[in-house]
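Everything in the sequence shown is counted per our numbering, starting at 225 for the first residue and increasing by one.
For glycine and all other residues, C-beta sits at the position ideal for the given N, C-alpha and C.
Contents: one structure, followed by commentary.
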Amino acid sequence: MLLTKKGVTSFENMRTVNGTVYRTFMEAAKESGLNVDSNEWDSCLAVAVSTEMPFEIRRLFAQIVMHCNPSDPLGLWNKYKDEMRAKPKESRLQKNEKTMDIASVRHIEKILKANGSTLSECGLGALEIIMRNSGTKWDSDIDEVVENEVNQGAAVLDDLNADLKNVMGVLLDSATRENSDRSRCFFVYGKAGCGKTFLFRRFIDVLQSLKKNVIAVASTGIAATLLQNGRTAHSVFRLPVTNLSFESTANVDASSLLAQRFRNTDVIIWDEISMQTRYAVECAEKMLRDFAAPDFRHTAFGGIMMVFGGDWAQFLPVVENGSKTEILNETLKCSGIWQLIRVLTLEKNMRVLPGNNDFTNWLREVGEGSNFIVDNLIRIPSDMVVPSEQHVIDWLYTPELLNDEKQLASVALLSIRNSDVLSINDIVVEKLNGEYMDVYGVDEAVQEEDGIDGLPFDDEEDIHKETPAGMPPYLLRLKRGCILMLLRNIDITSQLFNGTRLQLDDVVYDQKHVPIILRCRNLITDIMCLIPRTPNVYENKMSGIAFKRFQFPVRLAFCMTVNKSQGQTFEKVGLILRTPAFAHGTIYVALSRSKCRENTKITINESGQRLSSGEILIRNIVYKEVL
Numbered sequence: 225m226l227l228t229k230k231g232v233t234s235f236e237n238m239r240t241v242n243g244t245v246y247r248t249f250m251e252a253a254k255e256s257g258l259n260v261d262s263n264e265w266d267s268c269l270a271v272a273v274s275t276e277m278p279f280e281i282r283r284l285f286a287q288i289v290m291h292c293n294p295s296d297p298l299g300l301w302n303k304y305k306d307e308m309r310a311k312p313k314e315s316r317l318q319k320n321e322k323t324m325d326i327a328s329v330r331h332i333e334k335i336l337k338a339n340g341s342t343l344s345e346c347g348l349g350a351l352e353i354i355m356r357n358s359g360t361k362w363d364s365d366i367d368e369v370v371e372n373e374v375n376q377g378a379a380v381l382d383d384l385n386a387d388l389k390n391v392m393g394v395l396l397d398s399a400t401r402e403n404s405d406r407s408r409c410f411f412v413y414g415k416a417g418c419g420k421t422f423l424f425r426r427f428i429d430v431l432q433s434l435k436k437n438v439i440a441v442a443s444t445g446i447a448a449t450l451l452q453n454g455r456t457a458h459s460v461f462r463l464p465v466t467n468l469s470f471e472s473t474a475n476v477d478a479s480s481l482l483a484q485r486f487r488n489t490d491v492i493i494w495d496e497i498s499m500q501t502r503y504a505v506e507c508a509e510k511m512l513r514d515f516a517a518p519d520f521r522h523t524a525f526g527g528i529m530m531v532f533g534g535d536w537a538q539f540l541p542v543v544e545n546g547s548k549t550e551i552l553n554e555t556l557k558c559s560g561i562w563q564l565i566r567v568l569t570l571e572k573n574m575r576v577l578p579g580n581n582d583f584t585n586w587l588r589e590v591g592e593g594s595n596f597i598v599d600n601l602i603r604i605p606s607d608m609v610v611p612s613e614q615h616v617i618d619w620l621y622t623p624e625l626l627n628d629e630k631q632l633a634s635v636a637l638l639s640i641r642n643s644d645v646l647s648i649n650d651i652v653v654e655k656l657n658g659e660y661m662d663v664y665g666v667d668e669a670v671q672e673e674d675g676i677d678g679l680p681f682d683d684e685e686d687i688h689k690e691t692p693a694g695m696p697p698y699l700l701r702l703k704r705g706c707i708l709m710l711l712r713n714i715d716i717t718s719q720l721f722n723g724t725r726l727q728l729d730d731v732v733y734d735q736k737h738v739p740i741i742l743r744c745r746n747l748i749t750d751i752m753c754l755i756p757r758t759p760n761v762y763e764n765k766m767s768g769i770a771f772k773r774f775q776f777p778v779r780l781a782f783c784m785t786v787n788k789s790q791g792q793t794f795e796k797v798g799l800i801l802r803t804p805a806f807a808h809g810t811i812y813v814a815l816s817r818s819k820c821r822e823n824t825k826i827t828i829n830e831s832g833q834r835l836s837s838g839e840i841l842i843r844n845i846v847y848k849e850v851l
């Protein structure tokens, strides 16, 4: 409490919270939200039911039982099931309470399944039994994760350019070939902005109009949101989250409805494959062959047509402390599957605005590593250079922009290191109008049930200062309207993925004035969502440090790492290079996030190489072996 409460004058003053003097420091800490309260989820739902619609309460309940490990999830259901029922306006037909409760459970179950969980795994097995024994007929009992949104109209292809039409023709010819026992695997290779995602969306439209069963996945949540009904590959194929290897197997039962759905699938689209480890693809391939009909069990992917997409000039799979050779070996190009794949190339850049052909050509040279001056250095034109960090921050986040909530999300600062991103965000949020809302987390040593062996830490204050990549800060300093990034997959049915950008509407407090919910606008869907506090576990096997932080799984996102920006497009981008790039694709990804040269500005630290002409030299890492 001494670390968070300012101006303490006595022990009694330290035990005083909101005018009440508590008997012990532990009680005072709990009232201040500085300890994990077992009633947190009860309070969370109690606050939500006073303002939110039933469907939003059901989503929040699903998030809590999935991610927060409440001690009595069934008790929470029984207490708040009335508020979760669809109201007459929400329900198509007037139904009795039991039927409406079962409908609520069905909705919750769909959310859990789409996120790779079940009622039983979340301590709600009793509800699963009641639902199964209800005799109620449902439209579908197939996992929502792979349901298709059928397009009733014929897909329009007239607005495809010649480049896209050629590739579309090849894909459609293969997709309409019946009962082929030959492997049908394609890789659509397109530089950033060449319309690969646009092509995939149109391809899905056509397939659905032809009554084909299609599954769309991507290697990241952000990329998945760009495809109709897109999901992450890990969630669809039930791949292991960590330690993928050639021995890995998917967690799908051969007798399950999901396995049957795979058997009925005609086409699978898998985007951003260039940053996915080969072992994920090999694991999915083995599973699909195992589930296939006997005639197709020796055909790649069980005879399903596979359409991969990616750009080898962008980021490659992450290999912790991996050498160049180890990273290259992790790519799909080093798998035997690559020999079965036909490469289809897109050349024309659709993202860059007309009149920026020189910029397009320059970006291509950056991605290919063909414009090195010396020792992996490239020259940045003077019109793209600004003299300092403050200049690029002020250029991007003008007073007018900071007062325009809609436009605020259309720009972004990028940097390389996680620590740099954190400090830059602190600078930008200071410029935003409004009062700070400080939200403290709770740091704890990991327990045996967490399944992690971590070294005990003696000084809790030292842990508070740690904000590793993927973890929320111990202290979140927020303002209304600030831009946030979600740090974990919360609910993929609501497009709340790791990497989803949010805009804070408000911090919701309970009766003790403890922050308990973030109400945010999802910048992908433009829909309000509720984010509860969750346990977030960090483990570093190299150092042995491991701890658990109970905090909202978000961080400020006025600035983000270049890695997190892949797959996104912004109106304006500022690149702050406090350190040189060290990974393949970093500079190419950073420079290709905006639509024109004039809307990209770069600055380097004082020790960087600045030329008298106003140009700068920066390091660009390119593994030409993978291109």
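Q) Unbroken alpha helix (DSSP H) runs of length 4 or more, entirely within the segment 379-425: which are they? A) Look at the segment 379-425 and you find these whole runs of alpha helix (DSSP H), each 4 residues long or longer: 386-399.
**Q.** Span of the alpha helix (DSSP H) around Phe486
**A.** Looking at the DSSP string, the run of the alpha helix (DSSP H) that includes Phe486 is Leu481 to Arg487.
Q) Phe470: buried (16+ other C-beta within 10 angstroms of its C-beta) or exposed? A) Its Cβ having fewer than 16 others within 10 Å, Phe470 is exposed.
Q. With C-beta atoms as the reference, is Gly340 less than 8 Å away from Arg462?
A. Between Gly340 and Arg462, the C-beta spacing is below 8 Å.
Q. How would you call Glu496, buried or exposed, if buried means at least 16 neighbouring beta carbons within 10 angstroms?
A. That one is buried.
Q: Can you have a look at Leu835 and say buried or exposed, based on whether 16 or more other CB atoms are within 10 angstroms of its CB?
A: By the neighbour-count rule (16 or more Cβ atoms within 10 Å), Leu835 is not buried but exposed.
(Q) Between the alpha carbons of Phe782 and Leu726, how many angstroms are there, rounded? (A) Looking at the two C-alpha atoms, the distance is approximately 11 Å.
Q.
Are the CB atoms of Ile748 and Gln790 within a distance shorter than 8 Å?
A. At the C-beta level, Gln790 and Ile748 stay beyond 8 Å of one another.
Q: Out of Glu684, Arg704 and Pro605, point me to the one whose CA is closest to Glu654's CA.
A: Among Glu684, Arg704 and Pro605, the Cα nearest to that of Glu654 is on Arg704.
Q. Helix, strand or coil: how does DSSP classify Arg356 here?
A. Arg356: helix per DSSP, three-state reduction.
Q | Minimum C-alpha distance to Leu801 - residue among Arg821, Glu830 and Glu795 | A | Ranking Arg821, Glu830 and Glu795 by Cα distance to Leu801 puts Glu830 first.
Q) For the putative contact between Cys866 and Asn746, defined by C-beta atoms under 8 Å, what is the C-beta separation to the nearest angstrom? A) As shown, the chain starts at 225 and ends at 851. That puts residue 866 outside it, with no answer to give.
Q. On the premise that Leu451 lies in contact with Ala442, defined as a C-beta separation below 8 Å, what is that separation, rounded to the nearest angstrom?
A. The pair is a contact, with the Cβ atoms about 7 Å apart (cut-off 8 Å).
(Q) Report the CB separation of Val531 from Phe410 in whole angstroms; it is logged as a contact under 8 Å. (A) The pair is a contact, with the Cβ atoms about 5 Å apart (cut-off 8 Å).
Q: In the DSSP assignment, find the unbroken beta strand (DSSP E) run with Ser639 in it and report its ends.
A: For Ser639, the enclosing beta strand (DSSP E) covers residues Val635 to Ser639.
Q) Could you give the residue range of the alpha helix (DSSP H) that holds Cys507? A) Arg502 to Phe515 is the extent of the alpha helix (DSSP H) around Cys507.
**Q.** Supposed contact pair Glu839 and Val609 - C-beta distance, whole angstroms, cut 8 Å
**A.** Contact between Val609 and Glu839 holds: CB atoms are separated by about 7 Å, below the 8 Å threshold.
Q: State the beta-bridge partners of Phe794 as determined by DSSP.
A: Paired residue(s): Ser818.
Q. Excluding sequence positions up to five away, which residues of its chain have a Cβ less than 8 Å from the Cβ of Asn642?
A. So the qualifying residues of the chain are Thr691, Pro692, Ala693 and Thr785.
Q) CA-CA distance, Ile528 and Leu384? A) Looking at the two C-alpha atoms, the distance is approximately 26 Å.
Q: Report the partner residues of Met608 according to the DSSP bridge assignment.
A: Within the DSSP secondary-structure output, Met608 pairs in no beta bridge.
Q: Closer than 8 Å by C-beta to Asn483: which residues in its own chain qualify, once you throw out the five before and the five after it? Chain order, please.
A: Checking the sequence, you will find Ala at residue 483 rather than Asn. Val476, Asp477 and Phe515.
Q: Alpha carbon to alpha carbon, how far is Leu300 from Cys268? Give it in angstroms, no decimals.
A: Straight-line Cα distance between these residues: approximately 11 Å.
Q. Which one or two residues does DSSP pair with Glu763 in a beta bridge?
A. Paired residues: Ala770.
Q: Helix, strand or coil for Trp201, going by three-state DSSP, please let me know.
A: Nothing about residue 201 can be reported from this structure: the residues present for the chain run from 225 to 851 only.
Q: Tell me, please, whether the segment 792-810 touches the segment 554-570 by the rule of three or more beta-carbon pairs shorter than 8 Å.
A: Not touching, per the Cβ criterion.
(Q) So within the segment 657-736, which uninterrupted alpha helix (DSSP H) runs reach at least 4 residues, ignoring any that extend past its ends? (A) If we require 4 residues or more, the alpha helix (DSSP H) runs fully inside the segment 657-736 come out as 684-688.
**Q.** Rounded distance between the beta-carbons of Leu632 and Leu626, thought under 8 Å
**A.** About 7 Å; that satisfies the 8 Å criterion.
Q) Would you call the segment 761-774 and the segment 594-614 in contact, with 3 or more CB pairs under 8 Å? A) These segments do not touch.
Q: Report buried or exposed for Asp715, applying the criterion of at least 16 other Cβ atoms within 10 angstroms of its Cβ.
A: The residue in question, Asp715, is buried, as its Cβ has 16 or more Cβ neighbours within 10 Å.
Q: Please determine, among Phe539, Ser479 and Trp562, the residue with the shortest C-alpha to C-alpha distance to Val505.
A: Ranking Phe539, Ser479 and Trp562 by CA distance to the CA of Val505 puts Trp562 first.
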